[in-house]
Amino acid sequence: MKAVLKHELRIYFHSLTAYIFGAFLLAFVGIGAVLYNLQAAVSNFEFVLNFSNLIFVVIVPILTMRVIAEERKQKTDQLLYALPITTSQVVLGKYFALLTVYLIPLLIISIYPLIFSRFGEVYLPTSYGSILSFFIMGSALLALGVFISSLTENQGFAAGIGIAIILLNFYSVRLSEYVSSTALGSAIAMSVIIIALAAIIRYLTKNTNLAYGFCIIFIAIILITYYVDMTILEGLLTDIMKKLSLFDRFNVFVNGIFDMTSIVYYLTLIVFFLFLSVQSLEKRRYN
Amino acid sequence: MITVENLTKHYGDIIAVDDLSFEIEEGHVYGFLGPNGAGKTTTMNIMTGCLSATGGHVKIYGHDIFEEPYEAKKLIGFLPEQPPLYMSDTPLEYLRFVGEAKGLRGTELEQQTEQVIEQTKIAGVKNRSISKLSKGYKQRVGIAQALIGNPKVIILDEPTVGLDPIQIIEIRDLIKELGKKHTVIFSSHILSEVQAICDQVLIISKGKLVAFDKPENLEKLLLSPNEITITSNATVKEVEEILAGINYIADTSIEKKEHVVARIKTDFDDIYAVSGAIFTAFAAKQKVLLEMTLEKADLEDIFIELTESEVVNK
């Protein structure tokens, strides 16, 4: 794992990727800090992070797109399969390298609240609490990016899908509010989402029965709840989207609450997507 | 010591490897020969743990590649068909990475890296970016990667494909050199190459083993009639008369060019008895034989015959 980690880091720092990622993150947080902390003279650093997290839509896919897709394209994945290391070690090595690249600009950002506290009253626990959750949320997005990269050998495709999914996640709560919050509206919207998910499952696993099974079970659940107790469905979609949205959960930290359930949610996502990435790599061996 | 037992691999409906079994002994250079699409690459990928098998076992010094991949892979160095190189690395960085992944550390890593760089003669380019190297050098870096960690078995998948003639000769010499210290298995669809380097040849066709022997034994295996070509300054008629008096001749074709050239086919096992008889017959009539060539079957003929007839011959 250490060998993969070191090698990945060398690739990031030899090419421009690590610098571009860091520069974008620092620039965006910098603009946020100027707008909120300096011009508007607000002493809460967490608002800056809330403003900056939109940048993840762009920089996470740019950083993660090549991670596994490029190995496939250059056929270097064959080397990784033939070396006496496990697939989990490969994925973890790559993931920790990504975390390192992410952590460096974040360490620089961590100095900002200290600087501001010299000129006014800054409540440091919420500042650093939100920086920590900002780190963990970004890590979850990076894990998602690794998984998307493992699905294809086309970097551009990986980046495009990554941007689309993260953007959708960013706006999911607001989008779901456009859907009628009546029981029928929720039921229809959720059925559409389930069919879309089934199509993705069908595409990824090439298993038609699994996709149909997934579709039938969840639509049946919706129908049953619709006829048994309609009130459950009212506004359910928005609730679910709020629970699933990484960005929406981050708002809680911005409001000054260190929400452990969200941390657990982020960590679960990390484990889940890294596990899927390992499976996706292993699957290549069985094609 | 590699044992391959009843190895089978299906890609959907296509059977790439069909119940393949063989055993590889220490200290030889093995040539894996077969037409394109015969299952060479698939077999090699399974042997090195890059691909799963539908059925069967591969044991490397007693370690099953599927059940004890770590132990088995430590004993193998593998160069896939396309060398798995990171274009942004230099050979030195790349080899350090592979060495580290193979579990080498500190001075051992440095020493091994230096050693393989010397062995594959890439010292002159070790600090240049791999993307800027010629194909021959890239192949060498690929071989160096397989060599690092001093594995007992080295598996090379078509190592000379796409190289120019001089590079091919250099890589062949390198393989021969490696054969002194390691067990080498390499695949090729070029017969002369296998004939020149290997001391054991495995011929596979349509996923099945059709022959496994020394190159010279494989030549003996062929049963098609042998041929003798003679050139004489006698007339066509005289040559016809002389040859008519010799036994064992199955077929003759005579041509008149600058001299008379006759192609004689025989089905007699001892080709020297026939050539001796021809010589004595010409001498008895006091006619001059300018040239006499014995055409023996070579690997090419065996290859075509075996891969087309699909006889299992072990």
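Chains as they are written, first to last, in my numbering: chain A, -14 to 272; chain B, 728 to 1041.
Where a beta carbon is used, it is the ideal one built from N, C-alpha and C, also for glycine.
Task: Three-state class that DSSP yields for Ile882/B in the structure shown - done: Here Ile882/B sits in strand by DSSP.
Open item on the list: Could you tell me the alpha carbon to alpha carbon distance between Thr910/B and Leu84/A, rounded to whole angstroms?
Closed with: Going from the Cα of Thr910/B to the Cα of Leu84/A covers about 42 Å.
TODO: Could you tell me which of Glu31/A, Ser171/A, Arg234/A, Phe81/A sits nearest to Gly17/A, measuring between CA atoms?
DONE: Considering only alpha carbons, the answer is Glu31/A.
- [ ] Determine the direct distance from the alpha carbon of Glu985/B to that of Val1038/B, and round the result to whole angstroms.
- [x] Low per-residue confidence applies at Val1038/B: pLDDT is 45, beneath 50, and the placement is therefore not dependable, though the value from the model is reported in the following sentence. When rounded, the distance between both Cα atoms is 43 Å.
Task: Tyr80/A vs Val131/A beta-carbon contact at 8 Å - done: Contact flag set, yes.
Task: Cβ of Phe805/B within 8 Å of any chain C Cβ - done: The structure shown contains no chain C; its protein chains are A and B.
Open item on the list: Could you check whether the segment 878 to 888 of chain B touches the segment 831 to 843 of chain B, counting it as contact only if at least three pairs of C-beta atoms, one from each stretch, sit closer than 8 Å?
Closed with: They do not touch, by the three-pair rule.
TODO: Check the C-beta distance from Ile875/B over to Val825/B and give it rounded, since I have them as a contact under 8 Å.
DONE: Yes, they are in contact, since the Cβ atoms of Ile875/B and Val825/B sit about 6 Å apart, within 8 Å.
Task: chain B contact for Ile70/A (CB, 8 Å cutoff) - done: Closer than 8 Å: yes.
Open item on the list: Could you compute how far the alpha carbon of Pro818/B sits from the alpha carbon of Ile5/A?
Closed with: About 26 Å.
Open item on the list: In the DSSP output, what is Ile930/B paired with across the bridge?
Closed with: Listed as beta-bridge partners of Ile930/B by DSSP are Leu760/B, Ala938/B.
Task: Host alpha helix (DSSP H) of Lys829/B (start-end) - done: Under the DSSP assignment, Lys829/B falls outside any alpha helix (DSSP H); it carries neither an H nor an E label.
Open item on the list: How far does the alpha helix (DSSP H) with Met1019/B in it extend, from its first residue to its last?
Closed with: Per DSSP, Met1019/B belongs to no alpha helix (DSSP H); it is in the beta strand (DSSP E), 1016 to 1022.
- [ ] Taking 8 Å as the cut-off, decide whether the C-beta atoms of Met50/A and Gly147/A are in contact.
- [x] Between Met50/A and Gly147/A, the CB-CB gap stays under 8 Å.
Open item on the list: Which residues of the segment 824 to 839 of chain B have a Cβ closer than 9 Å to any Cβ of chain A? Give them in chain order.
Closed with: So the close ones are Phe824, Val825, Gly826, Glu827, Ala828, Lys829, Gly830.
Open item on the list: Does any residue of chain A have a CB that is nearer than 8 Å to the CB of Leu814/B?
Closed with: According to the sequence displayed, residue 814/B carries Met and not Leu. Closer than 8 Å to some Cβ of chain A, the Cβ of Met814/B qualifies, so yes.
- [ ] Please name the residue or residues paired with Ala989/B in a DSSP beta bridge.
- [x] DSSP, once it has assigned bridges, lists Ile957/B, Ile981/B as partnering Ala989/B.
Task: Among Val164/A, Leu64/A, Leu88/A, Ser118/A, the one whose alpha carbon lies nearest that of Pro822/B - done: Before going further, note that residue 822/B is Leu rather than Pro in the sequence given. In terms of Cα proximity to Leu822/B, the closest of Val164/A, Leu64/A, Leu88/A, Ser118/A is Leu64/A.
- [ ] Select from Val33/A, Tyr(-3)/A, His(-1)/A the residue whose C-alpha is nearest the C-alpha of Asn236/A.
- [x] The closest CA to that of Asn236/A, considering only Val33/A, Tyr(-3)/A, His(-1)/A, is found on Val33/A.
- [ ] Examine chain A for any beta-carbon lying closer than 8 Å to the beta-carbon of Gln704/B, and answer yes or no.
- [x] What the structure shows of chain B is the stretch from 728 to 1041, and residue 704/B is not part of that stretch, so it cannot be assessed.
Task: Asn877/B, enclosing alpha helix (DSSP H) - first and last residue - done: Note, Asn877/B: premise wrong, no alpha helix (DSSP H); not H, not E.
Open item on the list: Suppose the cutoff is 7 Å on Cβ atoms and the five residues either side in sequence are ignored; what does the same chain contact list for Cys200/A look like?
Closed with: If we look at Cys200/A and ignore the five residues flanking it on each side, its Cβ neighbours are Ile179, Ile180, Ala183.
Task: Near-chain B residues of the segment 183 to 195 of chain A (beta-carbon distance less than 9 Å), N- to C-terminal order - done: Legend: CB atoms of the segment 183 to 195 of chain A lying less than 9 Å from CB atoms of chain B are not found in any residue.
Task: Inter-residue CB distance, Ile931/B and Gly766/B (contact presumed, cutoff 8 Å) - done: Right, the Cβ-Cβ distance comes to about 6 Å (below 8 Å), so this counts as a contact.
- [ ] Please classify Pro892/B: is it buried, with 16 or more other beta-carbons within 10 angstroms of its beta-carbon, or exposed?
- [x] An exposed status is given to Pro892/B, since fewer than 16 other beta-carbon atoms sit within 10 Å of its beta-carbon.
- [ ] With a threshold of 16 other CB atoms inside 10 Å of the CB of Leu92/A, please say whether the residue is buried or exposed.
- [x] Result: exposed.
Open item on the list: Under 8 Å: do the segment 250 to 257 of chain A and the segment 844 to 862 of chain B share three or more Cβ pairs, one atom per stretch?
Closed with: The segment 250 to 257 of chain A makes no contact with the segment 844 to 862 of chain B, as fewer than three CB pairs between them are under 8 Å.
TODO: Check the Cβ-Cβ distances between Tyr197/A and every residue of chain B, and say whether any is below 8 Å.
DONE: No - not a single Cβ of chain B is within 8 Å of the one on Tyr197/A.
Open item on the list: For Lys862/B, would you say it is in contact with chain A, using Cβ-to-Cβ distances shorter than 8 Å as the test?
Closed with: No, Lys862/B does not count as interfacial toward chain A.
TODO: State yes or no: is the C-beta of Gly761/B within less than 8 Å of the C-beta of His916/B?
DONE: Result yes, Cβ atoms of Gly761/B and His916/B sit closer than 8 Å.
TODO: Using a Cβ-Cβ cut-off of less than 7 Å, give me the residues of the segment 765 to 780 of chain B that come near chain A, in sequence order.
DONE: For the segment 765 to 780 of chain B, the residues whose beta carbon sits under 7 Å from a beta carbon of chain A are, in order, Thr775, Gly776, Cys777, Leu778, Ser779.
Open item on the list: Would Ile955/B and Phe1009/B be called neighbours here (beta carbons separated by less than 8 Å)?
Closed with: Contact flag unset, no.
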